[in-house]
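**Student:** Below is a structure I'd like to ask you about.
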Amino acid sequence: MLSVCIGSQADEAWHSDAAAVHGDGVFSVRSKVYVSPKLWYLRVHVIEAQDVEGEDRSQPPPAVFVKGVVGKTKIFPNRTANPVWNEDLLFVVAEPFEDVLVVTIESKVAPTRDEVVGRMSVSMNALERRMDHRLVHSRWFNLDRFGMGEYMEGKGPKFSTRIHLRGCLEGGYHVLDESTLYISDQRPTTRQLWKQPIGIL
């Protein structure tokens, strides 16, 4: 939390000291408080995929990996249509959860070039919120096969690549948003896990 005070403490404690201030100066005699957003960990457990095909279906299945905005799984080395990763990706997100989680499967076609195999998106508000170590149920998602002409025109086969994910918002931890040397708050994100105050000052 960042607090900026212009003026003196007396301006807030005794309003009569600031009574002669008019116009734009009124905004300068009160402190301005900017509350930092509540941060959560977004955990995405990428389990597996089914029916992964490249653009050229006559070729063997490509070497694929799953990509998030700021993280990705390792490349699955075995060229199969049903790769298994079993990896966790961890992101930091802020309330309110207006963004969407976008998961993309890409194939490594050259050392410097990747091709998108499919993409899915889910609203973060639709994800489960977890405060303890209970297991979150996994779900299958269909991937949009964009960029492939015959699929876009509806002439291709009526099946879709699917991906198996387990996603949740972790509220049992404190997300560090400041230096550990000057940390002012160590409470977990979820208010239900906070210790009861011993009194009110």
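For the sequence shown, full-length UniProt numbering assigns the number 1 to the initial residue and increments by one for each residue that follows. Note that CB positions come from ideal geometry on N, CA and C, so glycine has one too.
1) Give a single yes or no on whether residue 86 has its beta carbon closer than 8 Å to a heavy atom of the ligand GTP.
2) So the candidates are 182, 85, 50 and 200; which of them puts its Cα closest to the Cα of residue 160?
3) I'd like to know whether the C-beta atoms of residue 101 and residue 124 end up nearer to each other than 9 Å.
4) Roughly how far, in whole angstroms, is the beta-carbon of residue 42 from the beta-carbon of residue 93, given that I think they are within contact range, below 8 Å?
5) Along the chain, where does the beta strand (DSSP E) containing residue 36 start, and where does it finish?
6) Given a cut-off of 9 Å on the beta-carbon distance, is the pair residue 140 and residue 162 in contact?
7) Less than 9 Å between the C-beta atoms of residue 172 and residue 190, yes or no?
8) What's the call for residue 52, buried or exposed, on a 16-neighbour Cβ count within 10 Å?
9) On the DSSP letters alone, give me the boundaries of the beta strand (DSSP E) that residue 110 sits inside.
10) Do you know offhand how far residue 145's Cα is from residue 179's?
11) What number of angstroms, rounded off, separates the C-alpha of residue 79 from the C-alpha of residue 97?
12) Relative to the C-alpha of residue 121, which residue among 85, 89, 142 and 36 is closest?
**Tutor:** With the structure as the only source:
1) Among the ligands in the structure shown, none appear at all, so the ligand GTP cannot be discussed.
2) For this step, residue 160 is matched to residue 160 along the sequence shown. Taking only the C-alpha atoms, the option nearest residue 160 is 50.
3) One-based indexing of the sequence shown puts residue 101 at position 101. One-based indexing of the sequence shown puts residue 124 at position 124. Against a cut-off of 9 Å, the Cβ pair of residue 124 and residue 101 comes out as a contact.
4) Locating residue 42 in the sequence shown gives position 42, where the first residue counts as 1. Locating residue 93 in the sequence shown gives position 93, where the first residue counts as 1. Their Cβ separation, rounded to whole angstroms, is 5 Å, which keeps residue 42 and residue 93 in contact under 8 Å.
5) Position 36 of the sequence shown holds residue 36. That residue, residue 36, is in no beta strand (DSSP E); it is neither H nor E in DSSP.
6) By 1-based counting over the sequence shown, the position of residue 140 is 140. By 1-based counting over the sequence shown, the position of residue 162 is 162. Against a cut-off of 9 Å, the Cβ pair of residue 162 and residue 140 comes out as a contact.
7) Walking along the sequence shown from the start, residue 172 turns up at place 172. Walking along the sequence shown from the start, residue 190 turns up at place 190. Cβ distance < 9 Å, so residue 172 and residue 190 count as in contact.
8) Reading the sequence shown from its first residue, position 52 is the one you call residue 52. Buried, because 16 or more other Cβ atoms sit within 10 Å of the Cβ of residue 52.
9) Your numbering for residue 110 matches position 110 in the sequence shown. Where residue 110 is concerned, the enclosing beta strand (DSSP E) stretches over 100-110.
10) If you number the sequence shown from 1, residue 145 lands on position 145. If you number the sequence shown from 1, residue 179 lands on position 179. Taking the straight line from one Cα to the other gives about 43 Å.
11) Counted from its first residue, the sequence shown places residue 79 at position 79. Counted from its first residue, the sequence shown places residue 97 at position 97. Distance between the alpha carbons of residue 79 and residue 97: 36 Å.
12) As a working mapping, residue 121 is identified with position 121 in the sequence shown. If we check each option's Cα against that of residue 121, 142 comes out closest.
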